Amino acid sequence: RSGLSPPHPVPPQQPGVTPIHRRSGWRTPRVDPVCPLIGNLCAHDDWQAQDAALNDAYAKAVLMLEEWDANLPQAERGAVQALKEGQRAWITFRDKACEAEGYAMRGGSAEGLLVYGCMARLTEDRAGQLSWMIEAYGSF
100 RSGLSPPHPV PPQQPGVTPI HRRSGWRTPR VDPVCPLIGN LCAHDDWQAQ DAALNDAYAK
160 AVLMLEEWDA NLPQAERGAV QALKEGQRAW ITFRDKACEA EGYAMRGGSA EGLLVYGCMA
220 RLTEDRAGQL SWMIEAYGSF
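Set out below in structure tokens:
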């Protein structure tokens with residue numbers, strides 16, 4: 100040991116929180132220390148709750164963009180189609196990014212915890228992006 104201390108104090112380790120979680124501010128999935136299956140189920144439930152919020156935000160965004168399209172000449176319409184294509188691409192991104200994150204525990208009982216935790220986090224972010232769009236442009 101060189102005798103040098105780290106540049107920033109290292110907070111005490113919390114169960115289920117790795118240094119990358121502390122640095123990034125990522126929400127950590129709930130972890131049951133007794134049974135990883137419970138943690139996996141909770142992470143799945145978190146993702147499902149965020150997915151419901153995303154579906155709500157997406158439906159509102161589609162309504163807003165349908166109104167925009169209706170006010171444009173036929174040849175210039177395409178807002179709803181662009182949103183649908185973007186959402187399909189985002190789902191592919193989310194699924195693959197979270198699959199990659201799951202490799203940290205590949206084959207282990209906590210792999211699902213990582214994958215579903217990632218899916219909940221990214222889905223929550225996407226719902227926020229759509230909600231922001233609705234708030235920012237809803238009066239146009």
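Under my numbering, think of the first position of the sequence shown as 100, with each following residue one higher.
Ideal Cβ positions, reconstructed from N, Cα and C, are used throughout, including at glycine.
None of these values were measured; they are calculated from a predicted model.
Quick test of your reading: residue i and residue j, contact by CB under 8 Å. State the CB separation rounded to the nearest angstrom.
i       : j       : result
Glu-200 : Leu-213 : 5 Å
Trp-139 : Gly-211 : A small fix is needed here, since residue 139 is Asn in this sequence, not Trp. 4 Å between Cβ atoms; contact.
Leu-164 : Ala-178 : 4 Å
Can you tell me where the alpha helix (DSSP H) with residue i in it begins and where it stops?
i       : result
Ser-238 : That residue, Ser-238, is in no alpha helix (DSSP H); it is neither H nor E in DSSP.
Ala-181 : 178-201
Under 9 Å between the Cβ atoms of residue i and residue j?
i       : j       : result
Leu-229 : Ala-181 : no
Trp-167 : Tyr-215 : no
Gln-149 : Met-218 : yes
Leu-221 : Arg-187 : no
Any chance the CB of residue i is under 8 Å from a heavy atom of the ligand NAP?
i       : result
Ala-219 : Judged by which ligands are present, the structure shown has none, so any question about the ligand NAP falls away.
Buried or exposed: where does residue i fall if 16 or more other Cβ atoms within 10 Å of its Cβ makes it buried?
i       : result
Ala-203 : exposed
Ala-209 : buried
Ala-142 : buried
Just checking: is the beta-carbon of residue i within a distance shorter than 9 Å of some beta-carbon in chain B?
i       : result
Leu-171 : Within the model displayed, chain B is absent; a lone protein chain is all it includes.
Would the region 142-161 and the region 210-229 be scored as touching if the rule is three or more Cβ pairs under 8 Å?
Short answer: they touch.
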